[in-house]
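If you read the protein sequences in the order shown, they are chains A and B. Here the first sequence is numbered in my numbering, starting from 67 and rising by one per residue. Here the second sequence is numbered in my numbering, starting from 694 and rising by one per residue. What follows is a single structure, written as structure tokens, with notes after it.
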Amino acid sequence: MGKPNDLVQGTLDLLILKTLSLGAMHGWAIAKRIQQVSGEVLQVQQGSLYPALHRLEQQGWIKAKWAESETGRQAKFYALTAAGRTQLEKETTHWNRLSAAIDLIVTEA
Amino acid sequence: MRWFTQLRMRIQMLFERGKAGALLDDELQFHLEQQIAENLAAGMSLEEARFAALRAFGNPALLREQARAAWSWNWLESLWRDLRYGVRTLARTPGFTCIAILVMALGIGANVAMFTVVRGVLLKPLPFNDPNRLLMLYEHKDEGELAYNVVAGGVYAEWKNQNRSFSNLALLQDSQVGLSGSGGQLPENLSSAECSWDLFTTLGVRPAQGRDFIASDDSRSANGTVVLSWSLWKRRFGGDPGILNSTISLDAKPYTVIGIMPSWFAFPETETQLWTPVYHDKPENIMAMIDNHMFRVVGRLKPGVTAAQGVADLSVITRQIHDAHLDNPFIFAEASSRPLLEHMVGEIKRPLYVLLGATGCMLLIACLNVANLLVARAAARRKELAIRTALGGGRFQLLGERLMESLLLSGAGGALGLLLALAALEWLVRMRQDMSRVESIHMDGAVAAFTVAVIMLCALSSGLISALSASDKRILSTLHEASRSLSAGSARATLRKVLLSLEVGLTVVLLIGAGLLLKSYQRLRSADMGCITQNVLTMRIGLPGARYKTPGPGPANFFDGLLERVRALPGLEAAGFVEAVPGQGFWEDSGFTIVEHPPLPRGTGLFALNRWADSKYFAAMGIPILRGRSFDPSLRLDQAHEIVISESFVKQFFPGEEPLGKHLHTNDKDYAIVGIVGDTRYAIGEPPLPMKYFSLSSGEQNNGTLVIRSNHDVEQLALPVQRIVAGLDHDLAVSNVLTMDRLLGRSTLDASFNTTILTAFALVSLLLAAVGLFGVLSYMVAQRRNEIGIRIALGAQREQVLRLVLIDGLRPALFGLGFGLAASAGAARLIRSMLYGTQPLDPAVFAAVAAALLLVAGAACIIPAWRASRLDPMQALRTE
């Protein structure tokens, strides 16, 4: 039940948008993908994932569609919208600046 | 296009929440299934895989809530849920709910009604053009009674000619005119105003129909013109526009109707029905007098001129007139002013604010009472709340529920209160047609805003008090305590006692205010008027000056004939005629000198009230003739040189002297003093002033009050007397047909009204306080059943238990009483000016209130206390 304190505040949106830029996928797959790509470092908790997905959907950055999953069951697939793509670019730039800045400080010493 | 998507999503979320909820469940279920599948693939058994997945998944309900929170309408959803819970909890205890709503309705209703009145009468600007520049102007001499004195016509004329501060100065005087009957309608007497032609221009008001006066209407040589009020036009002339430019007969003289004022226009009095030009109506010599103070003056300041500058300007002019006539003691030397609004509502301002304060107190009491009831409920629901907190109910969520509950109560109370206020206002406007600006009392946007604000305030205050008292962090201890409690948590009981003390204190303040007004009103009504007031009927009669010239034989003959016929009526005991009966007002005074005394120093003078009376008036009213005799009725017109003076006249002007046989010089004539009569009061609540009576036979007076006295049911005689009047002159109307009792009642209407309302408020508050005491104590007894049971089981005497509980209940009442008495001592000073013959710290009232309060508090406490003492220990210990 714990909080996603292993994720920097506010970066979950970026991770989801980035993951979805590869193509539509459902919640489970998004969580799995983030976990795998990060080399098992980032664990996305369901308690953060689904509220985040719904929030992004409300914002109009991703859209959802029910479709058949690989197991043949109906699942909710999320995909990036045009607005979401712009937002992703914005957030990526922002993240790059931020992480570079943090890096500078951390390595300075 | 993003905003469009967002909007679509929102609308979808608003209307398809159910479906969206099901889909969310499905989505989460899918996630769970994937996890299980993965666990199975990792080699777990089916059961193991399920449990592991569920463990990883966490609390599904919380997860669902969190996801839903992302949907934009969550606040609405939780509001709706709180509302449903609120309604359900309240519906479960209909008795409590009804009482709370009623209490709130009384408090809110009274406040809304009172606020509407205060706003309409005191706060709304006058409906005239730029009303802040309008001033009522007076002549001024010393502070006190003559600080705001009416203005002499000659002084006004100089003001008008010489001043440089006012763009307009208008003159006016209240009057009464007889409107002759026409077209089958009876003649009637109407309240009118005589004004200079520019009155409406000064106020910035135009007639709704027809034209305004012009300067040439306002002279002795012009034809008579009249402007009608809307209501007179509608009532008397059926709203016929053809009345314009036609002629009506006022006091037997022709007047052309030139205009009709708008329906909202009421000035200078609420009951003014028509306006005529004063320089046309009054002889030039009267208008030119500089020592005969009789007019009101209203002025409009030029832009940029302050009231102080304007008054200073007029004072300079007044002083010049004064200095040029130093030998005349009746010419004032200064001017003064008041804002027009202040002039119109000055007298009712304090009573209205006092009543508003009283309703405020009552609202506070109502809120405290409801808060107290809510605290009691919260205490009873402590276990439920603690369990909910333990199960993860957020504090804010619980707080929201509590607030919603009190908001529901206040909202329903407010709606009901609004209805009450509407009814109360309708009643008040009907009752108090005499109140100035009563026509501007309406509910409007500001009142609506005030109502909403009051409802919110009540909801917040009563809700927060109870919610905060319950927001107990020590869940565990609460749960422990609840499992087997011997005594209730003491913190909450303290809070409730403090609330109760406050409530009792406020009630005491209201009770003392009401008690003081009540005592003052009784004093007022039992004030000795100096005459008989039982079975006396009065009616006003005014003879039109055109037909009955003064001075002259006309009026004298008319009154002789009238009195002769009236006295012949069967069942009548006595009749008389006087300019104004006691209680009918100041009317007029004049200066005089005593012929036998040495001349007074220059610039000083003696004043006394004037009354013209017929020789049998004193006998008819039961005013005792202390020495000497009444007028000799055979001395008529120029021969009527006798004068009768009152007792206080003798005390003030003939101390230690024999007045009989001495002479007074007034009206350019010498009068011989022939009699001394008892004092009468010109107004109820005012001390008797020196009074001098002239004989009606002089023919100098053509209007006044006919009084008739009978030994039973004097009102039956009204119609026969009116017939006699109509028989003497068919154009004459009598007006204000009132028994002496009702006449005095009218002049104390204000006091009676304030007293009645404040007493009602105080009694309601007392009831609320009693209910509060009873409720709290009953509740505390119920809470302490176990403890009391144990005490009794261990051998406590019933009387001891009784005393224990009684003291518990009476303590907050006593604290409240002390606090209330102290606060009243301060508050009573504020109503000092409303009191007659009663001290603000009247010990009798204070003692009576304290006794009454203790009695009521005792009665409210004795039942729960008695019940506690009757408790069966076995039963009390077995429960729980």
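We put the beta carbon where it would ideally sit given N, CA and C, even for glycine.
- The closest CA to that of B/Ala1069, considering only B/Ser1471, B/Ile1316 and B/Val1370, is found on B/Ser1471.
- The C-beta of A/Gln102 comes no closer than 8 Å to any C-beta of chain B.
- Residue pairing of A/Met91 in beta bridges, as defined by DSSP: A/Tyr144.
- Contacts with chain B (Cβ-Cβ distance below 9 Å) from the stretch 112-125 of chain A involve Gln112, Gly113, Ser114, Leu115, Tyr116, Pro117, Ala118, Leu119, His120, Arg121, Leu122, Glu123, Gln124 and Gln125, listed in chain order.
- Of all C-beta pairs linking the stretch 1295-1304 of chain B to the stretch 1256-1269 of chain B, fewer than three are shorter than 8 Å, placing the two stretches out of contact.
- Put simply, the CB of B/Glu720 is near chain A, with a gap under 8 Å to one of its CB atoms.
- Residue range Leu1265 to Val1271 is occupied by the beta strand (DSSP E) that includes B/Ala1267.
- Boundaries for B/Gly1223: no beta strand (DSSP E) harbours it, and the DSSP string shows neither H nor E there.
- DSSP places B/Lys712 in the uninterrupted alpha helix (DSSP H) bounded by Arg710 to Ala734.
- Under DSSP, B/Pro1032 takes part in a beta bridge, and its partners are B/Leu828.
- Here the alpha carbon of B/Leu1203 sits roughly 14 Å from the alpha carbon of B/Gly800.
- A Cβ-Cβ distance of about 6 Å is found for the pair B/Leu721 and B/Leu756, placing them in contact under the 8 Å criterion.
- Beyond the five residues adjoining it in sequence on each side, A/Ile171 comes within less than 8 Å, by CB distance, of no other residue in the same chain.
- The stretch 1054-1069 of chain B and the stretch 1133-1144 of chain B do not touch, with fewer than three beta-carbon pairs separated by less than 8 Å.
- Per DSSP, A/Trp127 lies in no beta strand (DSSP E) and is assigned neither H nor E.
- A/Thr173 carries a helical assignment under DSSP once its states are collapsed to helix, strand and coil.
- If you check the CB distance, B/Arg1374 and B/Met1128 do not come in under 8 Å.
- If you compare the alpha carbons of A/Ser165, A/Arg121, A/Asp79 and A/Ala148 with that of B/Glu758, the shortest gap goes to A/Arg121.
- Every unbroken stretch of the alpha helix (DSSP H) spanning 4 or more residues and falling wholly within the stretch 1389-1439 of chain B is given here in chain order: 1411-1421.
- In this structure B/His833 is buried. Its beta-carbon is surrounded by 16 or more other beta-carbon atoms within 10 angstroms.
- Rounded to the nearest angstrom, the Cβ distance from B/Met797 to B/Gly1107 is 7 Å, consistent with a contact under 8 Å.
- Of B/Gly871, B/Lys1212 and B/Gln1002, the smallest CA-CA separation from B/Ser858 is found for B/Gln1002.
- Unbroken beta strand (DSSP E) runs of no fewer than 3 residues, entirely contained in the stretch 995-1063 of chain B, are found at 1027-1032, following chain order.
- Within 10 angstroms of the beta-carbon of B/Cys791 lie fewer than 16 other beta-carbons, which makes it exposed.
- Per DSSP, B/Lys1344 is not a residue of any beta strand (DSSP E); the alpha helix (DSSP H) it occupies stretches across Glu1340 to Phe1346.
- One Cα belongs to B/Ile1316, the other to B/Val1197, and the distance between them is close to 49 Å.
- In this structure B/Phe1342 is buried. Its beta-carbon is surrounded by 16 or more other beta-carbon atoms within 10 angstroms.
- Fully enclosed alpha helix (DSSP H) runs of no fewer than 4 residues occupy 787-811 of the stretch 785-851 of chain B, in order along the chain.
- DSSP places B/Pro1505 within a helical segment (H, G or I) once states are collapsed to three.
- Within the stretch 1234-1321 of chain B, the complete alpha helix (DSSP H) segments at least 4 residues long are 1246-1260 and 1310-1314, listed from N- to C-terminus.
- For B/Ser1103 and B/Leu1096, the gap between their C-alpha atoms comes out near 10 Å.
- Contact between B/Ile1524 and B/Gly1206 holds: their C-beta atoms lie close to 6 Å from each other, under 8 Å.
- DSSP lists B/Ser868 and B/Leu967 as the beta-bridge partner residues of B/Ser885.
- When C-beta atoms of the stretch 1105-1123 of chain B are compared with those of the stretch 1015-1029 of chain B, fewer than three pairs fall below 8 Å, so the two segments do not count as touching.
- Within the same chain, Cβ atoms closer than 7 Å to the Cβ of B/Lys1042 are found at Leu815, the five residues on either side in sequence being excluded.
- Within its own chain, the residues whose Cβ lies closer than 6 Å to the Cβ of B/Ala1117, once the five positions on either side in sequence are excluded, are Ala806, listed in chain order.
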